[in-house]
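Asks: Next up is a structure, given as structure tokens.
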Amino acid sequence: MSALLCGIPQFLARRKSKAQENTAYLEGVPVQNEKKTVVSAKVDPFDSASSSASTIAIPPTTAVKPAEKAPETKSQRALTVCSKGKYALVDDFPAPELQHEQEVVIRNYAVGLNPIDWKSVDYNFCLPAFPWVTGREMAGVVERVGSEVKGCKVGDRVWTSTYYRDARAGCFQELVTVPAHTVSHIPSNITFEEAACLGVAALTAGMTLWKWLDVPLPSAPAVTSEEYLLVWGGSAVTGQFAIQMAKLGGLNVIAVCSERTKSMTEELGAKVVTRDGKSNEEIIEELRSIAGENITRVIDLVGNSTAVAALKTVSKTKPVHFAPLAMMKDQVVEGHITVHTVEMKRFVLDEESDKWSQELNALIESGKLRLPKIEVMNGGLEAVEAGLERIKKGDMGGVKVVVSLA
Numbered sequence: 001m002s003a004l005l006c007g008i009p010q011f012l013a014r015r016k017s018k019a020q021e022n023t024a025y026l027e028g029v030p031v032q033n034e035k036k037t038v039v040s041a042k043v044d045p046f047d048s049a050s051s052s053a054s055t056i057a058i059p060p061t062t063a064v065k066p067a068e069k070a071p072e073t074k075s076q077r078a079l080t081v082c083s084k085g086k087y088a089l090v091d092d093f094p095a096p097e098l099q100h101e102q103e104v105v106i107r108n109y110a111v112g113l114n115p116i117d118w119k120s121v122d123y124n125f126c127l128p129a130f131p132w133v134t135g136r137e138m139a140g141v142v143e144r145v146g147s148e149v150k151g152c153k154v155g156d157r158v159w160t161s162t163y164y165r166d167a168r169a170g171c172f173q174e175l176v177t178v179p180a181h182t183v184s185h186i187p188s189n190i191t192f193e194e195a196a197c198l199g200v201a202a203l204t205a206g207m208t209l210w211k212w213l214d215v216p217l218p219s220a221p222a223v224t225s226e227e228y229l230l231v232w233g234g235s236a237v238t239g240q241f242a243i244q245m246a247k248l249g250g251l252n253v254i255a256v257c258s259e260r261t262k263s264m265t266e267e268l269g270a271k272v273v274t275r276d277g278k279s280n281e282e283i284i285e286e287l288r289s290i291a292g293e294n295i296t297r298v299i300d301l302v303g304n305s306t307a308v309a310a311l312k313t314v315s316k317t318k319p320v321h322f323a324p325l326a327m328m329k330d331q332v333v334e335g336h337i338t339v340h341t342v343e344m345k346r347f348v349l350d351e352e353s354d355k356w357s358q359e360l361n362a363l364i365e366s367g368k369l370r371l372p373k374i375e376v377m378n379g380g381l382e383a384v385e386a387g388l389e390r391i392k393k394g395d396m397g398g399v400k401v402v403v404s405l406a
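Every letter in the sequence shown is one number past the one before it in full-length UniProt numbering, and letter 232, counting from 1, is 232.
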């Protein structure tokens with residue numbers, strides 16, 4: 001999984017006051033001056049109001065009368081975070097209840113694993129309380145729906161992307177409760193395990209390009225352009241999706257990756273500059289020799305040093321959109337460069353954001369989008385910790401780890 005979810009833990013783990021949380025949406029917004037832009041430090045793209053956990057009781061929930069439901073389950077199995085760096089697999093965790101008429105309860109069949117999952121536990125951020133349930137993407141079958149839910153029903157195969165501030169939405173449990181607008185039907189041509197990789201990497205790539213970087217939607221009238229999207233970290237799962245989406249939007253794509261993943265990245269449609277044994281300055285020179293003054297959009301999926309290097313590759317004469325999806329320290333950029341804060345929580349908080357998942361589903365159903373190679377771990381929730389250790393070691397070579405609960 002890409003470094004987009006691997007924000008620098010020291011920064012992410014800072015506590016913030018309530019007042020800071022209320023103004024968190026302003027963090028990372030460029031402050032314009034006459035010729036330069038000062039970019040503030042980046043934070044977790046899932047929430048710019050990251051916070052450490054304290055030990056409090058999970059508040060009771062009040063269920064509404066659902067329009068449709070299966071027999072209600074009072075307790076369930078869940079992998080909980082019981083304290084900093086420690087998990088506990090329990091069989092009697094309270095089953096999530098419907099609190100609003102627009103919510104859906106999903107029976108978990110497969111869960112995707114991401115670096116943010118282990119980082120938040122190891123470094124104690126994005127954990128509002130103990131015990132807590134993490135996990136940000138899953139696929140399963142609708143178990144219950146609220147009385148105002150439209151568009152899905154009990155028995156539907158669905159996938160979702162979740163928000164860490166609601167323990168009911170944590171994906172490392174058997175039943176997951178989410179707002180209905182975040183629920184998407186699984187395309188008929190993919191499995192639960194494949195659908196479980198859409199809620200973070202695919203959705204992040206799509207929203208970054210379509211919402212923030214002004215890349216044309218594939219469903220829009222066809223366009224061709226001499227301009228380039230640079231993806232630094234092209235073989236990361238998010239990078240794989242971004243390359244294909246940009247190509248479908250009419251852009252050229254150039255990517256930085258390892259020699260090991262060069263062939264795969266080229267197959268997705270990108271021109272490739274390998275990083276093995278090269279300094280950033282050498283990579284910059286190669287990128288500019290290929291794309292010239294035409295790099296107008298950038299996604300960095302690695303970290304601060306590569307984000308700074310990527311800035312040196314962009315056009316000096318055309319407007320540039322730049323998305324450093326990992327943390328970037330305070331940085332001065334030229335006035336023609338717009339630096340975007342990618343907040344994936346917007347998918348959950350903005351009800352109209354389901355248009356992005358619909359666009360993504362259409363690409364999959366039409367066969368235009370190639371899914372990443374998936375490593376499926378069986379064993380249910382008991383396998384999650386081992387899976388997180390697997391990705392914690394790094395160097396996944398573009399492979400996505402998914403745990404099957406079926």
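The C-beta atom is built at its ideal place from N, Cα and C for all residues, glycine as well. The structure displayed is predicted, hence computed values, not measured ones.
Per DSSP, what kind of secondary structure is Thr62 in: helix, strand or coil?
Replies: Reliability of the predicted coordinates at Thr62 is poor, the pLDDT of 34 falling under 50, and the value obtained from them is presented with this limitation in mind. Reduced to three states, the DSSP call for Thr62 is coil.
Asks: Beta carbon of Gly85, beta carbon of Val402: below 8 Å?
Replies: It is not a contact, given that the beta carbons lie outside the stated cut-off.
Asks: Would you grab the beta carbon distance between Leu213 and His340 for me? Rounded to a whole angstrom, and I think it's under 8 Å.
Replies: With 8 Å as the limit, Leu213 and His340 qualify as a contact, their Cβ atoms being about 7 Å apart.
Asks: Can you name the residues that DSSP bridges to His185?
Replies: Partner(s): Val158.
Asks: Looking only at C-alpha atoms, which of Ile283, Tyr109, Arg77 and Pro96 sits nearest to Ala255?
Replies: Measuring from the Cα of Ala255, the nearest candidate turns out to be Ile283.
Asks: For Asp117, count neighbouring Cβ atoms within 10 angstroms of its own Cβ and tell me buried if that reaches 16, exposed if not.
Replies: That one is buried.
Asks: Please report the residue range of the alpha helix (DSSP H) in which Leu89 lies.
Replies: Run containing Leu89: none in the alpha helix (DSSP H); it sits in the beta strand (DSSP E), Lys86 to Pro94.
Asks: Assign Ser315 to one of three DSSP states: helix, strand, or coil.
Replies: Of the three classes helix, strand and coil, the one that applies to Ser315 here is coil, per DSSP.
Asks: With burial defined as no fewer than 16 other Cβ atoms inside 10 Å of the residue's Cβ, what is the status of Gly367: buried or exposed?
Replies: With fewer than 16 Cβ atoms within 10 Å of its Cβ, Gly367 is classed as exposed.
Asks: Counting only runs that start and end within the region 247-273, where is the beta strand (DSSP E) found for 3 or more residues in a row?
Replies: 252-257, all fully within the region 247-273.
Asks: Determine the contact status of Val348 and Ala323, defining contact as a CB-CB distance below 8 Å.
Replies: Their beta carbons are not under 8 Å apart, which means Val348 does not touch Ala323 by this criterion.
Asks: Please state whether DSSP places Glu227 in a helix, a strand or coil.
Replies: Of the three classes helix, strand and coil, the one that applies to Glu227 here is coil, per DSSP.
Asks: What number of angstroms, rounded off, separates the C-alpha of Ser188 from the C-alpha of Ala88?
Replies: Using only the alpha carbons, I get a separation of about 35 Å.
Asks: Do you know offhand how far Glu286's Cα is from Val154's?
Replies: If I take the Cα positions, the gap works out to 53 Å.
Asks: What are the boundary residues of the alpha helix (DSSP H) that includes Asp117?
Replies: From DSSP, the alpha helix (DSSP H) with Asp117 extends over Pro115 to Asp122.
Asks: Counting only runs that start and end within the region 124-155, where is the beta strand (DSSP E) found for 3 or more residues in a row?
Replies: Fully enclosed beta strand (DSSP E) runs of 3 or longer: 137-145.
Asks: Can you give the Cα-Cα distance for Thr338 and Pro319, rounded to whole angstroms?
Replies: About 8 Å.
Asks: At the level of alpha carbons, what is the spacing between Ala201 and Ala129?
Replies: Roughly 26 Å separates the two Cα atoms.
Asks: Would you be able to state if there are at least three C-beta pairs under 8 Å between the region 369-389 and the region 153-169?
Replies: As far as the Cβ criterion goes, the region 153-169 does not touch the region 369-389, which means the pair count is below three.
Asks: Between which residues of its own chain and Pro96 is the CB-CB distance below 6 Å, once the five residues before and five after are set aside?
Replies: Within the same chain, Pro96 has close Cβ partners Arg168, Leu175 and Thr177.
Asks: Nearest by alpha-carbon distance to Thr313: which of Ser258, Ser83, Glu227 and Leu363 is it?
Replies: Looking at the Cα atoms, Glu227 is the closest of the given residues.
Asks: Measure from the alpha carbon of Thr306 to the alpha carbon of each residue in Ala383, Asp354, Leu360 and Trp232, then state which is nearest.
Replies: Measuring from the Cα of Thr306, the nearest candidate turns out to be Trp232.
Asks: I'd like to confirm the pairing. Which residues does DSSP put opposite Lys400 in its beta bridges?
Replies: DSSP lists Ile374 as partners of Lys400.
Asks: Assign Thr238 to buried or exposed, taking buried as 16 or more other Cβ atoms, counted over all protein chains shown, within 10 Å of its Cβ.
Replies: Label assigned to Thr238: buried.
Asks: Please state whether DSSP places Glu97 in a helix, a strand or coil.
Replies: If DSSP states are grouped into helix, strand and coil, Glu97 belongs with coil.
Asks: Since I believe Gly146 is in contact with residue 407 (beta carbons under 8 Å), could you give me their beta-carbon distance rounded to a whole number of angstroms?
Replies: Any answer about residue 407 is impossible in this case: the structure gives the chain only from 1 up to 406.
Asks: Per DSSP, Ile290 forms a beta bridge with which residues?
Replies: Bridge partners of Ile290: none, in fact.
Asks: Given Asp156, which residues of its chain have a CB within under 8 Å of its CB, disregarding the five upstream and five downstream residues?
Replies: These residues qualify, in order along the chain: Val141, Val142 and His185.
Asks: Going by C-alpha distance, which of Glu352, Met264 and Glu148 is nearest residue 414?
Replies: Here the chain comprises residues numbered 1 to 406, so residue 414 is not present and cannot be evaluated.
Asks: Can you tell me where the alpha helix (DSSP H) holding Gly206 begins and where it ends?
Replies: From DSSP, the alpha helix (DSSP H) with Gly206 extends over Leu203 to Met207.
Asks: Does the distance from the C-beta atom of Ile243 to that of Leu209 stay below 8 Å?
Replies: Going by C-beta atoms, Ile243 is not nearer than 8 Å to Leu209.
Asks: Based on Cα-Cα distance, which residue from Lys211, Lys278 and Leu127 lies nearest to Met245?
Replies: The residue with the shortest Cα to Cα distance from Met245 is Lys211.
Asks: Reducing DSSP to helix, strand and coil, say where Thr80 ends up.
Replies: DSSP places Thr80 in strand when its eight states are reduced to three.
Asks: Indicate whether Val133 and Ala78 have their beta-carbon atoms separated by less than 8 Å.
Replies: Yes, they are a contact pair.
Asks: Just curious, the beta strand (DSSP E) that Val348 is in, first and last residue?
Replies: Here Val348 belongs to no beta strand (DSSP E); instead the alpha helix (DSSP H) covers Arg346 to Leu349.
Asks: Would you call Lys392 buried or exposed, if buried means 16 or more other Cβ atoms sit within 10 Å of its Cβ?
Replies: By the neighbour-count rule (16 or more Cβ atoms within 10 Å), Lys392 is not buried but exposed.
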